[in-house]
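Participant: Here it is, the structure, as structure tokens.
Number of protein chains: 2
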Amino acid sequence: MDASPFDLASLAAANLPPPAAKWTGFAKYNFVGGHNDPEHVPLDGLLAAANAVLKSEGRTLATYGLESGPLGYRPLREFLAHKLKAHAGIACDMDEILITSGSLQAIDLVNALFLARGDTVLIEQACYGGSLSRLARLGVNAVGIPLDGEGLRMDALAAALEELKGRGIRPKYIYTIPTVQNPTGSIMGQLRRAELLGLSRRYGVPIFEDECYSDLVWNGDRPRALYAMAGGEGVIHIGSFSKSIAPALRVGYIVARWDVLKHVLPLKTDAGSGALEQMVLGEFCPAHFEAHVPKLRAGLRAKLVTLMEALAEQFGTAAEFDDPPGGIFLWVKLPDSVDTQELARAALAEGIAINPGPEWTTDRVYGRSRLRLCFANPPHAAIREGVAALADVCHRKFGVPVRTANVARG
Amino acid sequence: MDASPFDLASLAAANLPPPAAKWTGFAKYNFVGGHNDPEHVPLDGLLAAANAVLKSEGRTLATYGLESGPLGYRPLREFLAHKLKAHAGIACDMDEILITSGSLQAIDLVNALFLARGDTVLIEQACYGGSLSRLARLGVNAVGIPLDGEGLRMDALAAALEELKGRGIRPKYIYTIPTVQNPTGSIMGQLRRAELLGLSRRYGVPIFEDECYSDLVWNGDRPRALYAMAGGEGVIHIGSFSKSIAPALRVGYIVARWDVLKHVLPLKTDAGSGALEQMVLGEFCPAHFEAHVPKLRAGLRAKLVTLMEALAEQFGTAAEFDDPPGGIFLWVKLPDSVDTQELARAALAEGIAINPGPEWTTDRVYGRSRLRLCFANPPHAAIREGVAALADVCHRKFGVPVRTANVARG
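These protein sequence lines map, in sequence, to chains R and X.
At position 409 of the first sequence (counting the first as 1) the number is 402 in this note's numbering, and the numbers step up by one without a gap.
At position 218 of the second sequence (counting the first as 1) the number is 211 in this note's numbering, and the numbers step up by one without a gap.
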């Protein structure tokens, strides 16, 4: 007997994540999340594309998968095959591309292909928090590999692979964001990529290549993808339109040899990803993608300059960072006395949202006084005001920065 | 040492589903899948809505979740709260509705909330194949409850609950499609619904109410939802726009009390469902949903009549079925000598796709000579030709039907 069928405590599965709080809107100064610049959503082009494609093919919305099958809308996959060849040197067939609901679903599908509780993967020491939280939820051991200015350090990777091999452990994959690494923004050079592929082959550990930021290299000079260098052997490649067009569209993709993709496809049991997004992008991109992205990059670069200037002015030498070669975020080191998780809590209470370093790394000590600032979404004025407000909170809580624009703080 | 990093046999997770075959297009006579009628996609309305909403709010595409938060686009949730009150008697707040990527994601999220390997659930003996396959993949014991003309038989449900209780097993939920049950098309009456809620409370087993077909009752007379009758206590309700607008849009929803939904929301880690679909529906539905659906229903009803006439003509008394009060499918009983899985294989080889009964039930003996025919997508002529072609295959393979339109088959 139980009067309340919903005593969730006794009904719910074990180890659920903490419950959600009601959403109360974005922080006034929002430096978190992969949001993009509203001014650079190619609205006229998307509108024209929506009208054209709905007029020509709208009735196919009555059919699951339109008439393109479970891999996704054919014109979009055709564009991607062309784009990946032109931008990343990837020679792949349209049927080696699976359209996903954002690259997050791509990550979930690749994880579902490989991972079981207790497995081990190798991952960049500072890394996308969403990848880390997924691995934690799956009960997978994520071994962080230290980074340098080119990303994964090969000496550290080789040592980790050898050490694991000695213990009879074969990692399921090496996860890397080689082009505009999240959060450091580094780009892995061609030589380093070749070394990485060599280690991958030597130890029989495939590479999971996440290139969702690779359209946002300031000078447009994107290195050949690991997938291209390996001819697709031993590499799964994922990408996204979230950073190049608009994140709310939720359109990403997986590139893999068919002998791998045929095992991924049955794991995608959602009866297809959103059709309107795919149709609109499939219509928009062939004609307008190449012209759109450089304008977006210029706008993002200008916001990064504003952010770096504001940090220099407000934090002076207390904020250390490299000028990243692309992307939407800046990885900042504050003095060791600053605990960025405490800073994030105090800042949020004053309407400033930041990503504290420990949520973006496998090494909490390394991350303790670091933070990630996303700059694509807030207007220039909000970036300046937000950084000033953050400096105030930081000074009150940790005594740094000591001076702002050569003026000592009280 | 391993020359091929991708020896998936040693790398992939255990118990993956069988690999996919390359997609070769739909069968010429396609009687499977929840596809809808292309002639009844409200294209002009969707086009107008896309133009209006992209002009007024397009720039919010730069932000994950638009500016509505993780539950989904606010105007769409506002419409749903109004619709659910008007159509199903559900009094719920906009924040008790979570927009999902089709009702399939809704099923996955509810399963993730409750289910672990080895758990038991109660489910309709003849039931949506996608729900059955999900439970099998999760390693959950799905106990099928026999059906009658009103759906779940209360005597059988009570017996199963008591029997399980005697073995110390508390099922995680009772899954039901009470309005236009899939595949039987039955509608559970108000009295039966009250009995079901009574058993749910008595045994402390919540109800998982799947109402994705409830807009398609021919006479528009949809009973009060179980969720409404229970005031949301002990019931999770899901629905979809796939059957009322267009399946390729992939827009469904979960209705649950916030004290439940707050545990579901963190399981949705996809950074939101497709925004264009949500924006277009949020713009289209308040003005046009009520006028659109009756036209769609009339078109579907006409196709059902064509299907039933074709079956009567081609199969005569060999095909038994009830005239369903709504929906997009017909559940057909053939003579016991017919194995519909063999029939499906033979028919597919001749360009006719059907759902064999055993894939749509927990009781393979009950399902053996039954099949599901979906009628929304094929044109009237294709329905007639396809049923004739199916009768030919069936006669050649199983010797039935013996006669067609009073003419004995050779």
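Think of the CB as a built atom: it goes at the ideal place given N, C-alpha and C, for glycine as much as any other residue.
Keep in mind that this is a model prediction, so the values were computed, not measured.
What are the start and end residues of each continuous beta strand (DSSP E) run of 3 or more residues lying completely inside the segment 75 to 163 of chain R, in chain order?
Facilitator: 90 to 93, 113 to 117, 134 to 138
Participant: When you compare the CB of Gly24 (chain R) with every CB in chain X, is at least one pair closer than 9 Å?
Facilitator: The identity of residue 24 (chain R) in the sequence shown is Phe, whereas the question assumes Gly. So no, Phe24 (chain R) is outside the interface.
Participant: Of all the residues that make up the segment 88 to 100 of chain R, which are near chain X by a beta-carbon distance shorter than 7 Å?
Facilitator: Under the 7 Å Cβ criterion, the segment 88 to 100 of chain R contributes Asp88, Ser94, Gly95, Leu97, Gln98.
Participant: Would a check of beta-carbon distances place Pro351 (chain X) closer than 9 Å to chain R?
Facilitator: no
Participant: In angstroms with no decimal places, state the Cα-to-Cα distance between Met368 (chain R) and Tyr22 (chain R).
Facilitator: The residue asked about is misnamed: residue 368 (chain R) is Phe in this sequence, not Met. If I take the Cα positions, the gap works out to 10 Å.
Participant: Take Thr310 (chain X) as the anchor and find which of X:Ile229, X:Ala398, X:Arg357 has the nearest alpha-carbon.
Facilitator: X:Ala398
Participant: What do you get for Pro287 (chain R), buried or exposed, if any count of 16 or more other CB atoms within 10 angstroms of its CB means buried?
Facilitator: Taking all protein chains shown into account, Pro287 (chain R) has fewer than 16 neighbouring C-beta atoms within 10 Å of its C-beta and is therefore exposed.
Participant: Run down chain X in chain order and give the residues with a C-beta less than 9 Å from the C-beta of Pro10 (chain R).
Facilitator: His256, Pro259, Leu260, Thr262
Participant: Closer than 7 Å by C-beta to Ala382 (chain X): which residues in its own chain qualify, once you throw out the five before and the five after it? Chain order, please.
Facilitator: Spatial neighbours of Ala382 (chain X) in its own chain (CB-CB distance under 7 Å, excluding positions within 5 residues in sequence) are listed in chain order as Tyr22, Glu343, Ile345.
Participant: Please say whether Thr262 (chain X) and Ser126 (chain R) have beta carbons closer to each other than 9 Å?
Facilitator: yes
Participant: Just to confirm, does Gly292 (chain R) get its C-beta within under 8 Å of one of the non-hydrogen atoms of the ligand ADP?
Facilitator: Among the components modelled here there is no ligand, and therefore nothing to report on the ligand ADP.
Participant: Less than 9 Å separating the beta-carbons of Cys278 (chain R) and Leu69 (chain R)?
Facilitator: Taking the C-beta atoms as reference points, Leu69 (chain R) is found nearer than 9 Å to Cys278 (chain R).
Participant: Flag this pair as yes or no: are the beta carbons of Gln98 (chain X) and Ser237 (chain X) separated by less than 9 Å?
Facilitator: no
Participant: With 9 Å as the threshold, decide whether the Cβ of Asp252 (chain X) is near any Cβ in chain R.
Facilitator: yes
Participant: Please confirm whether Pro164 (chain R) and Thr93 (chain R) have their CB atoms less than 9 Å apart.
Facilitator: no
Participant: By the three-class DSSP mapping on this structure, what secondary structure does Gly178 (chain X) have?
Facilitator: Reduced to three states, the DSSP call for Gly178 (chain X) is coil.
Participant: What are the uninterrupted segments assigned as alpha helix (DSSP H) that are 4 or more residues long and contained completely in the segment 302 to 344 of chain R, given in chain order?
Facilitator: 333 to 342
Participant: Are Phe308 (chain R) and Leu366 (chain R) closer than 9 Å when you measure CB to CB?
Facilitator: Not in contact: Phe308 (chain R) and Leu366 (chain R) (Cβ atoms no closer than 9 Å).
Participant: Can you give me the start and stop residues for the beta strand (DSSP E) that Phe201 (chain R) sits inside?
Facilitator: 200 to 203
Participant: Run the CB neighbour count on Arg194 (chain R), radius 10 Å, all protein chains shown included, and call it buried at 16 or more, exposed below.
Facilitator: Buried.
Participant: Taking the C-alpha atoms as reference points, what is the distance between Ala6 (chain X) and Lys76 (chain X)?
Facilitator: 43 Å
Participant: Can you list, in chain order, the residues of its chain with a C-beta nearer than 8 Å to that of Gly197 (chain X)? Leave out the 5 residues immediately preceding and following it.
Facilitator: Arg163
Participant: Counting only beta-carbon atoms, is Pro199 (chain X) nearer than 9 Å to chain R?
Facilitator: yes
Participant: Is DSSP giving Ser235 (chain R) helix, strand or coil here?
Facilitator: coil
Participant: Spell out a yes or no on whether the segment 182 to 191 of chain X and the segment 145 to 165 of chain X are touching, meaning 3 or more CB-CB pairs, one atom from each, closer than 8 Å.
Facilitator: yes
Participant: Check whether the segment 229 to 243 of chain R and the segment 197 to 213 of chain R touch, using three or more Cβ-Cβ pairs below 8 Å as the test.
Facilitator: yes
Participant: Put Leu9 (chain R) into one of helix, strand or coil per three-state DSSP.
Facilitator: coil
Participant: Pick from X:Pro259, X:His28, X:Thr172: whose alpha carbon is nearest that of Leu64 (chain X)?
Facilitator: Nearest neighbour of Leu64 (chain X) by Cα position, chosen from X:Pro259, X:His28, X:Thr172, turns out to be X:Pro259.
Participant: Residue range of the beta strand (DSSP E) that Val248 (chain R) falls in?
Facilitator: 245 to 248
Participant: Where does Tyr22 (chain X) fall in DSSP's three states?
Facilitator: In the three-state DSSP reduction, Tyr22 (chain X) falls in the strand class (E or B).
Participant: Taking Leu4 (chain R) as part of the alpha helix (DSSP H), name the residues at either end of that continuous run.
Facilitator: Its alpha helix (DSSP H) spans residues 1 to 4.
Participant: Quick check: the Cα distance between Met(-6) (chain R) and Arg389 (chain R), rounded to an integer number of angstroms?
Facilitator: Low per-residue confidence applies at Met(-6) (chain R): pLDDT is 37, beneath 50, and the placement is therefore not dependable, though the value from the model is reported in the following sentence. In this structure, the straight-line span from the alpha carbon of Met(-6) (chain R) to that of Arg389 (chain R) is close to 56 Å.
Participant: Beta-carbon within less than 8 Å of Pro166 (chain X)'s beta-carbon, same chain only, minus the 5 sequence neighbours each way: which residues are those?
Facilitator: The residue you asked about is not Pro; residue 166 (chain X) is Tyr in the sequence shown. So the qualifying residues of the chain are Val103, Phe107, Val114, Leu115, Val198, Pro199, Ile200, Phe201, Ile229.
Participant: Using the rule of at least 16 other Cβ atoms within 10 Å of the residue's Cβ for burial, across every protein chain shown, is Gln174 (chain R) buried or exposed?
Facilitator: buried
Participant: Can you tell which of X:Val136, X:Val273, X:Pro317 has the C-alpha that lies nearest to the C-alpha of Tyr66 (chain X)?
Facilitator: X:Val273
Participant: Looking at C-alpha atoms only, which residue of X:His285, X:Ala284, X:Leu341, X:Ile138 is the closest neighbour of Leu157 (chain X)?
Facilitator: Nearest of X:His285, X:Ala284, X:Leu341, X:Ile138 to Leu157 (chain X), Cα basis: X:Ile138.
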